[in-house]
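Q:
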Amino acid sequence: MKTVLVTGGAGYIGSHTVLQLLEQNFSVVVLDNLVNASAESLRRVENITGKSVTFVQGDIRDTTVLDSVFSKHSIDAVIHFAGLKAVGESVEKPLEYYENNVYGTLTLCKAMRQHGVKNLVFSSSATVYGDPVSLPLHEKMATGQPTNPYGMSKLMVEHMLTDLHKSDDSWNIVLLRYFNPVGAHHSGQIGEDPNGIPNNLMPYISQVATGKLAQLSVFGDDYDTPDGTGVRDYIHVVDLANGHLKALDRLALNMGLDVYNLGTGQGYSVLEMIKAFEDASGQTINYKIAPRRSGDVAACYADPTLAAKELNWNAVKTLEDMCKDVWHWQSNNPMGYNG
Ligand code: NAD
Ligand code: UFG
44 MKTVLVTGGA GYIGSHTVLQ LLEQNFSVVV LDNLVNASAE SLRRVENITG KSVTFVQGDI
104 RDTTVLDSVF SKHSIDAVIH FAGLKAVGES VEKPLEYYEN NVYGTLTLCK AMRQHGVKNL
164 VFSSSATVYG DPVSLPLHEK MATGQPTNPY GMSKLMVEHM LTDLHKSDDS WNIVLLRYFN
224 PVGAHHSGQI GEDPNGIPNN LMPYISQVAT GKLAQLSVFG DDYDTPDGTG VRDYIHVVDL
284 ANGHLKALDR LALNMGLDVY NLGTGQGYSV LEMIKAFEDA SGQTINYKIA PRRSGDVAAC
344 YADPTLAAKE LNWNAVKTLE DMCKDVWHWQ SNNPMGYNG
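If you count by the working numbering, then the sequence shown holds residues 44 to 382, one letter each, in order.
Right, here's the structure in full:
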């Protein structure tokens, strides 16, 4: 694998992955329509690495753009991050979510097939397990019933790609089920820059820490967990990005279709996250206990042993690393990339 097309490469996880690809001397083409990102992230990645990225501003649903990208560049593999990801918004706008995430992936795969590129890494999510029947979650467990169109779109794409591989086993596909990505590159130059009020815990906490937001609501303290608040498997985005490079190694072995959890195997509660962030940043987080958020599960964490065995991948960064790096990014860039 020499040249990699990264869809959604200007986004949060994409930019951290592009950085590592450049560090490992891959040629990288990014296709991103910037609906939820800024090209500034890639400029900073170029600054950090001293290497350049080919950036195409365009949409994965646009067959003309795809045709031009695959014609101009000799792509060996595609890492496919592009998609919409806000759970609440997906309930309001299901058609937009299915169109972007399902139709977008379908259009991308048709272009790949047409150009004979059959190596694909797909960003899936732990949400495909639905409400966990037992923990930790491992890949052999049946997928569940996602509670929102976003989650359903990920499950639909997993099924579509599985059928695609069944129909033509010259495809090599790795489905990566992410748990909860947090953190930022240690340079403090790139990180998560959500539009508007964040939906996710970590960016919310960090914006309370900078004073941009007044108070965090802890959604429920009556779950069946040690302190009553929700438990998740938070994974440093740099570890997560590294999992994609390992997935490329796997594609090169022509193993067909594989599914891996990318998580640490360790769950932390909302209150533990607040405490860890306070310790790492020296800030006090103003919070209140609020009602449960609909669609949330009590606890969710990975069994990451399959990725360790077959991808030779482990998460190595600690909760302290995650919090320190988020704070470094957020305090340097309180307004994100537009500051
Ligand atoms: P992100 O929004 O930062 O990145 C997604 C990128 O895709 C953005 O840069 C956006 O501009 C681009 N994009 C969206 N629709 C596009 C389209 N039609 N054509 C071209 N570009 C398009 O999100 P992220 O957190 O980096 O997530 C990356 C992927 O990982 C997504 O598929 C997401 O669903 C998945 N994922 C994320 C999480 C998480 O908590 N962050 C968890 C599980 C899975
Ligand atoms: N939480 C709060 N207050 C907030 C935000 C979140 O208490 O303001 C709590 C939630 O109730 C939950 C935990 O913090 O217990 C984590 O919530 P996030 O919104 O950060 O993450 P989720 O686990 O709900 O979902 C995330 C992504 C999904 C992805 C899933 C995979 O948003 O896209 O991880 O496990 F599918």
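All residues carry an ideal CB built from backbone N, CA and C; glycine is no exception.
Pick from Lys136, Ala125, Val160 and Gly271: whose alpha carbon is nearest that of Ala333?
A: Of the listed residues, the one whose Cα sits closest to Ala333 is Gly271.
Q: Buried or exposed: where does Asn144 fall if 16 or more other Cβ atoms within 10 Å of its Cβ makes it buried?
A: So Asn144 counts as buried.
Q: In whole angstroms, what is the alpha-carbon distance linking Val340 and Phe124?
A: Using only the alpha carbons, I get a separation of about 24 Å.
Q: I think Val121 touches Met155, with their Cβ atoms under 8 Å apart; what is that distance to the nearest whole Å?
A: Correct: roughly 6 Å between the Cβ atoms.
Q: Over what stretch of residues does the alpha helix (DSSP H) that includes Ala290 continue unbroken?
A: Note, Ala290: alpha helix (DSSP H), Val280 to Ala295.
Q: Please name the residue in Tyr146, Met195, Ala129 and Met378 whose C-alpha comes closest to that of Arg104.
A: Out of Tyr146, Met195, Ala129 and Met378, Tyr146 has the C-alpha closest to the C-alpha of Arg104.
Q: Please name the residue, chosen from Thr268, Phe222 and Tyr311, that lies closest to Ala284 on a Cα-to-Cα basis.
A: Ranking Thr268, Phe222 and Tyr311 by Cα distance to Ala284 puts Phe222 first.
Q: Between the Cα of Gly113 and the Cα atoms of Leu74, Glu83, Val130 and Ser133, which residue gives the shortest distance?
A: According to the sequence as given, residue 113 is Phe; it is not Gly. The shortest Cα separation from Phe113 among Leu74, Glu83, Val130 and Ser133 belongs to Leu74.
Q: Relative to the C-alpha of Val251, which residue among Asp276, Asn191 and Asn329 is closest?
A: Per the Cα distances, Asn329.
Q: How close, in whole Å, do the beta carbons of Leu198 and Pro192 come, if the pair is a contact with beta carbons under 8 Å?
A: That belief does not hold up - the Cβ atoms of Leu198 and Pro192 are roughly 10 Å apart, past 8 Å.
Q: Using the Cα positions of Val281 and Arg335, report the straight-line distance between them to the nearest angstrom.
A: Computed Cα separation, rounded: 30 Å.
Q: Is the segment 234 to 241 touching the segment 302 to 321, taking contact as three or more C-beta pairs under 8 Å?
A: The segment 234 to 241, when compared against the segment 302 to 321, does not touch it at the 8 Å Cβ threshold.
Q: Below 7 Å CB to CB, which residues in the same chain sit around Gly131 once its five sequence neighbours on both sides are set aside?
A: Asn242.
Q: Could you pull out every residue in the same chain whose Cβ sits closer than 7 Å to the Cβ of Asn76, ignoring the five residues on either side in sequence?
A: If we look at Asn76 and ignore the five residues flanking it on each side, its Cβ neighbours are Gln100, Gly101 and Asp102.
Q: Just to check my reading of the structure: Asp212 and Gly299 have Cβ atoms closer than 8 Å, yes? What is that Cβ distance to the nearest angstrom?
A: Yes, they are in contact, since the Cβ atoms of Asp212 and Gly299 sit about 6 Å apart, within 8 Å.
Q: Return yes when at least one heavy atom of ligand 2 lies under 7 Å from the C-beta of Lys136, else no.
A: Answer for Lys136: no, Cβ out of range of ligand 2.
Q: By a C-beta neighbour count over all protein chains shown, 10 Å radius and 16 as the cutoff for buried, is His202 buried or exposed?
A: Exposed is the call here.
Q: Looking at C-alpha atoms only, which residue of Leu109, Pro179 and Met195 is the closest neighbour of Leu138?
A: Nearest option by C-alpha distance: Met195.
Q: So, does the segment 346 to 353 touch the segment 258 to 268, judging by three or more C-beta pairs under 8 Å?
A: With a cut-off of 8 Å, the segment 258 to 268 and the segment 346 to 353 do not count as touching, because too few Cβ pairs lie within range.
Q: Which residues in the same chain as Ala290 place their Cβ atom closer than 7 Å to its Cβ, once the five residues preceding and following it in sequence are excluded?
A: Answer for Ala290: Val164, Val217, Leu219 and Leu354, listed in chain order.
Q: For a quick check, are the C-beta atoms of Val47 and Asp110 less than 8 Å apart?
A: No; because the gap between Cβ atoms is not below 8 Å, this pair is not in contact.
Q: Any heavy atom of ligand 2 closer than 7 Å to the beta-carbon of Thr170?
A: Result yes, Cβ under 7 Å from ligand 2.
Q: Thinking C-alpha only, which one of His371, Glu363 and Ser166 is nearest Gly54?
A: Residue Ser166 is the option with its Cα nearest to Gly54.
Q: Once the 5 residues before and after Val134 are set aside, which same chain residues still bring their CB inside 6 Å of it?
A: Closer than 6 Å at the Cβ level, and outside the excluded window around Val134, lie Asn191.
Q: Consult DSSP for Leu180 and reduce its assignment to one of helix, strand or coil.
A: Leu180: strand per DSSP, three-state reduction.
Q: Can you find a heavy atom of ligand 2 that lies under 7 Å from the Cβ of Asn143?
A: Checking every heavy atom of ligand 2 against the Cβ of Asn143, none is found closer than 7 Å.
Q: When you compare only the Cα positions, how much space is there between Pro377 and Leu314?
A: So the alpha carbons of these two residues sit roughly 23 Å apart.
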